[in-house]
Amino acid sequence: MPPSQAALVSLSPAELSYLRSTLLQVPPIRLDHTKGPKDFRSMRAEYDVLPGANGSARIALEDGLEALVGVKAEVEKSQWRPTPAGRASRLSVAAGDVEMKDGDEEDDGQGKGQVSWVEMSVEIPGFRDDDALPVFLASMLTESLLSSGELKDRLYINSRFHWKLYIDILLLSPALSYPLALLSMTTHLALLTSRLPALKSEKDEDPLFDDDWDASVPLYPKEKGKGTGSKPVDRPPVIVLAMAIGQNIIFDPCKEELAVADAVLAIACSSSKTSSTGSRIISIRTIDPPSHLTPPGVPNSMNSATGGVAPASSADALTQRELLATSGVWTPPRGGMKRGLIGQVVKMVVETGGVAEEVIDALQAIEVG
Amino acid sequence: MEYFSLKRSSALDQGQTNLSSKVYVRSTKSGKVQKIVRELYLRRDIPCSSSLCRACLEIAPTDYSKKVAPFVLSDTPAGSKNFPNGQYLVPDTNAFLTGMDLFEVETAFHDVVVLQTVLEEVKNQSLPLYHRLIALTKNEGKRFYVFFNEFRQETYVIRNAGETINDRNDRAVRKAVLWYNHHLSEAVAARSKKQQRIPSVVMITDDRDNLQKAKSDGIPALSLSEFVSGLENADELLDMISAAQERREVRSSKAEVFYPEYFTMSKMMTGVKAGTLHQGIFNVSPYNYLEGSIHVPAFDKSLLILGRENSNRAVSGDVVVVEVLPKDQWKAPSTKIIEEETLNKNDNPEVEDGEDVISERERRALQEEVKRVHGQSAEGRPQPTARVVGIIKRNWRQYVGHIDRDSVRSTSKSSRQQQMVFLVPMDKRIPKIRIRTRQAGELLGQRVLATIDSWERDSRYPVGHFVRSLGELESKGAETEALLLEWDVQYRPFPKIVLDCLPPEGHEWKVPASLDDPGWRGRKDLRDLLVCSIDPPGCVDIDDALHARKLPNGNFEVGVHIADVSHFVKPNNAMDKEASQRGTTVYLVDKRIDMLPMLLGTDLCSLKPYVERYAFTVLWEITTNADIVSVDFTKSVIRSREAFSYEQAQIRIDDESQQDGLTNGMRTLMMLSKKLRQKRYDAGALNLASPEVKVQTESETSDPVDVQTKRLLDTNSLVEEFMLLANISVAGKNYEAFPQTALLRRHGAPPKTNFEELGNQLKVKKGLEIRTDSSKALADSLDTCVDHKEPFFNTLVRIMATRCMMSAEYFCAGSQAYPEFRHYGLASEIYTHFTSPIRRYADLEAHRQLAAAIDYEPLDPSLHSKAKLEGICKNINMRHRNAQMAGRASIEYYVGQALKGKDIKEEGFIMKIFSNGFVVFVPRFGVESLIRLRDLATPEPEAEFDAENYVLKVKGDINRSVELFEKVTVRITDEIEESTGKRKVKLTLV
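Line by line, the protein sequences are chains W and E. Going left to right, the first sequence walks through residues 1 to 369 as the UniProt record's numbering numbers them. Going left to right, the second sequence walks through residues 1 to 990 as the UniProt record's numbering numbers them.
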């Protein structure tokens, strides 16, 4: 689904062509020439900005894009669910909905979480809440959050109660560029700093909580001391945006760069479960780049005003353009992404010291520092 | 990029800012859990309130009249050994929790700074103590000042990372003390260069850690006991420190526990919601201290709680949560009298090891119970029993009792050794209280007031502390005060603020002569009516007066005139609040504790003869058949022609030679009242009986001389009948005007099960039947319960039937459906109290509502609020019951005194029969008393108890059988009941 009109840039075909050719250089020269292909736009971040929320964060990018996320948790009564004995019937009903791990049912909520326990709303100025962009962004963010199942399991209190998490994402600035990565990072930071009141009651009792906020527990438990290196602490996922242009891969593209991209990938990843370094992919989605909608330049050969011959039919025009693809006249890129290129992107993201780890660690560092 | 933060206050500029915040989690009733952030605005103008300080006086905030609240703390506070320059005390939370009784002592503990931190903690820990503390801060003589340290910038402390709330609060207290000390030395320095006397501000705490830290910071601090030891009557004061605290420390080493642990609050709440656990008020049987019962909403009948282990440290009156026991543990209620004193005589309060929750004797008593139950037919079928699993709310109050002589080791008065003794409460349902005292010798033989502090799992009896001594056992003052305290009757003189609400003219107040006076607005002039009042002899608070006259159409006009108290007591002023607190006037044999100040009750409101008084009048037009034609309500002015006693009135009516208007009016009233009465009985009103006796006292010393049963004259029922009529008429009018908020009185139909026992007893013993389908059926069947050989039998049955009834209660119309309004005993659809506003608060409220209903004056908003009225109803219901109890207890005491040293033989009837004793009722003195088998002979004779036929066959030398309803002759002597220290009538079978 293409990002809607706001992401459109008003660049002339000649400008687009120029931009594309600089980005095709090896190494690419980005619009902000000080940045390398893996460099993110600089940002300001802070957390706990909303005192009344369980967790909150705000990130402002250098280009003026700014997002605010608040996380609120409420205790909710769980709907009756069949006991393990009645599991078979449940499988047929809810198949494909929840992960069907039949793991040992311990009382830590393993596998007991439900998708409906997390509710997310994205608000972008100038958009209605049922417009394509906010809905699409929300579903992408929710999907990545819930895919691992750890978050929703953490919301389990007992068989009768659970936390319901409301994640409210607000883009404070106009959607100058595609905001997915920003929203994801802000959400990540907000969740990372979210705290839930400490439970005092036991087992299936009506939940009773410690009234001391300082005693509250983080939604994503922190690593305690040193000795826990074997089991890395879970952190919320983060989505990074990568675009391909020719053979070049550029992370965190800005609005103009997106306008000339061959393909755009949204890669949701979280820290690796098995080792303390590196990370793992949760999902990959291709995003239709705005470049597909840019107006093509008209080459002299096809322009009657410059002595060319206007094509007779649109099929004709297409063939002619195909031939002129490398001539420097701007043609909106078509087609997808090569498998090798995707592999390369994935590698750059997940490898030790890769983009994902860097981002996640950087966000973690905000909280620690 | 311009950087700005959304945060209001970041950690950087803390200290300069006057803004801070407090974060906590709030769980609401509906189950929501919220994070609450409260912003705190720190200020610098909160005064220290010391009269030494001038700076604070200048900056202190002013009220609307530009006045600064007067400074509380004295400029020359009392000093002590350690602090000769005088001291202000700053107690921490625990000091108040453990020593509240100390702080209330008049002679010590002046100039106390109550920190906001402490006040809030006290509030969280114990609401009753909080209210007492607030009352202290209002007491001007004590000079308690609440310092809002959390709002003053200099004394506000931020919670450090990882610091517990308690530690933070302790630090806040220390900081406040430190600040006070600095502040005072500055203040004194600013006052004069020469002055050297700077009072110390001393922290009082029992927290060792806190003391330590204070010492290292150079803050003056003392423990509560250290401080008290330096005072004059230290021994007495030290006894008043709550035992709960110190025990906790001592206890840690011991592991032995006697009682099961309570469930967690959340577990109980879950269980109660799910219906697996039940919540209710724990009640202990007055006959058997090991048998408790609890009424829970889920079941019609109460659940039994048997034995100490099952009652698990609950004290009668506590709100507890219980769990129903498995069926094999169900039991029938006891038919045996079990009294604590007989079973646990040998307990030693000092020894704690080797204690069993159930002593060997108790265990044996329980076993016998079980045996009895097992060999039983359907009659005494086992009832569900339950076990206390947790306490929702302790309703511990102060208990009056006496020190158990056997528990005192050394009785020497000079010995100041601290020892543990047992306090035996007057209320038999309360367990013995273990108290630690240094004055055991002095307290022996005294009525002592004590409270319970705690009841730990490893202590068989609750632990409490001494509050004060009321005086010698059996002295009139001590016993009267004791029963007032036991029944929670407010008997202190009216405070000044209440007396300020009285009319300034005092006794000189008169009905204004001019009819143009605002007092006459809306009032009918009924001064020419021949009104008189009929009351018990010596009555000074005359609530009601009556008149009747013939109308030209042959009907009668009857008027009931009630003292217009609502004219003098305006809603929501101090006097009204005091009255609503007291709820009712309490009548004791020799004393009356008024609801309203004397001036109103016995003079201005009282419808005294020969003077004009404001009244609230109900006027009926009644036919000669006593049918009501019309009713009218009005405020009025009357002049009573005469105040009769019942007897005088009776004589005057019976005297044919008296033919004046007043007497004829009374005759008319008499004639009508008899017809009204008959109508009421026809409708099914009950004629119930309760044993009423009157104690005659010597007029000067008010020593009891004789006991008489009350005689009822026709004039009694004359007054009663018209009062009922007035109440019913007013109830109808008020309900019509205020269908939601009318204050009414109802008497519920008794559940059938209440009469099961009595019905069965009558069937088995006398072949009589009692029907309870309606009040009419009950009234009729009660009439048939006659034994021709024994005229008193019918009264006896009525007395017993009365005990099966529900108690009548005040309620707010909106809280019940109309059919529930019914007054069962009076067989009236609707009823309220209107006729005694001098002595009952409910009547006063009814007056206000009626006044609004007839558009005399607008209704006060408080009477529009259902919630408020329900609160008032709850209180006056309780006060009413307590007043009755106190009155009865007073009569009981005086009957005991009157019979002191006497030895009389009287007739009695057996009312209740147990397997090891029976209850005899003596109509002559209105006393009932227990005769135990062991009272009959020593050693206790064997007896065979036939529960189905209510016969107890005593074997051995006595060899006679006793059965229910039997008339017996008893010998009446008096004795001091060991368990309660009360002088009581002792009956023995002749």
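C-beta: ideal position from N, C-alpha, C; glycine also. Computed from a predicted structure; not experimentally measured.
For residue i, three-class secondary structure by DSSP
| i | result |
| --- | --- |
| residue 342 of chain W | helix |
| residue 788 of chain E | coil |
| residue 830 of chain E | coil |
| residue 244 of chain W | strand |
| residue 295 of chain E | strand |
| residue 218 of chain W | strand |
| residue 208 of chain W | coil |
| residue 943 of chain E | strand |
| residue 256 of chain W | helix |
| residue 812 of chain E | strand |
| residue 973 of chain E | strand |
| residue 259 of chain E | coil |
| residue 196 of chain E | coil |
| residue 722 of chain E | helix |
Bridge partners - residue i, DSSP secondary structure assignment
| i | result |
| --- | --- |
| residue 559 of chain E | E:547, E:619 |
| residue 612 of chain E | E:639 |
| residue 284 of chain W | W:267 |
| residue 280 of chain E | E:320 |
| residue 213 of chain W | None; residue 213 of chain W has no bridge partner. |
| residue 35 of chain E | E:25 |
| residue 159 of chain E | Paired residue(s): none; residue 159 of chain E is not in a bridge. |
| residue 747 of chain E | E:823 |
| residue 420 of chain E | E:436 |
| residue 120 of chain W | W:167 |
| residue 672 of chain E | For residue 672 of chain E, which the question treats as bridged, DSSP gives no partner whatsoever. |
| residue 158 of chain W | W:161 |
| residue 592 of chain E | E:587 |
| residue 840 of chain E | E:584 |
Proximity below 8 Å, CB of residue i to CB of residue j
| i | j | result |
| --- | --- | --- |
| residue 838 of chain E | residue 580 of chain E | no |
| residue 676 of chain E | residue 621 of chain E | no |
| residue 394 of chain E | residue 310 of chain E | no |
| residue 245 of chain W | residue 344 of chain W | no |
| residue 1015 of chain E | residue 303 of chain E | Lying before the first or after the last residue shown, residue 1015 of chain E is absent from chain E, which here runs from 1 to 990. |
| residue 402 of chain E | residue 446 of chain E | yes |
| residue 399 of chain E | residue 427 of chain E | yes |
Among the options, the one whose alpha carbon lies nearest that of residue i
| i | options | result |
| --- | --- | --- |
| residue 988 of chain E | E:969, E:976, E:977 | E:969 |
| residue 200 of chain E | E:194, E:219, E:190, E:191 | E:219 |
| residue 567 of chain E | E:554, E:606, E:584 | E:606 |
| residue 911 of chain E | E:928, E:934, E:867 | E:928 |
| residue 154 of chain W | W:198, W:172, W:176 | W:198 |
| residue 992 of chain E | E:493, E:403, E:150, E:419 | Residue 992 of chain E falls outside the range modelled here, since chain E spans only 1 to 990, and no answer is possible. |
| residue 200 of chain W | W:217, W:186, W:194 | W:217 |
| residue 279 of chain E | E:476, E:290, E:324 | E:324 |
| residue 146 of chain W | W:238, W:126, W:209, W:176 | W:238 |
| residue 991 of chain E | E:127, E:923, E:914 | Only positions 1 to 990 of chain E appear in the structure, and residue 991 of chain E is not among them; the question remains open. |
| residue 740 of chain E | E:785, E:768, E:833, E:868 | E:868 |
| residue 759 of chain E | E:845, E:798, E:632 | E:798 |
Practice task
Say whether the segment 50-70 of chain W touches the segment 190-205 of chain W, bearing in mind that this needs 3 or more beta-carbon pairs closer than 8 Å, one atom from each stretch.
Solution key: Touching, per the Cβ criterion.
Exercise for the section: Evaluate the contact criterion for the segment 629-642 of chain E versus the segment 521-536 of chain E: three or more CB pairs, one atom per stretch, below 8 Å. Expected result: The segment 629-642 of chain E is in contact with the segment 521-536 of chain E.
Problem - Sufficient close CB pairs (3 or more, under 8 Å) joining the segment 225-244 of chain E to the segment 117-128 of chain E - result: Result no; under three Cβ-Cβ pairs closer than 8 Å.
Exercise for the section: Would you check if the segment 849-862 of chain E and the segment 548-556 of chain E touch, i.e. whether three or more CB-CB distances between them fall below 8 Å? Expected result: The segment 849-862 of chain E and the segment 548-556 of chain E do not touch, with fewer than three beta-carbon pairs separated by less than 8 Å.
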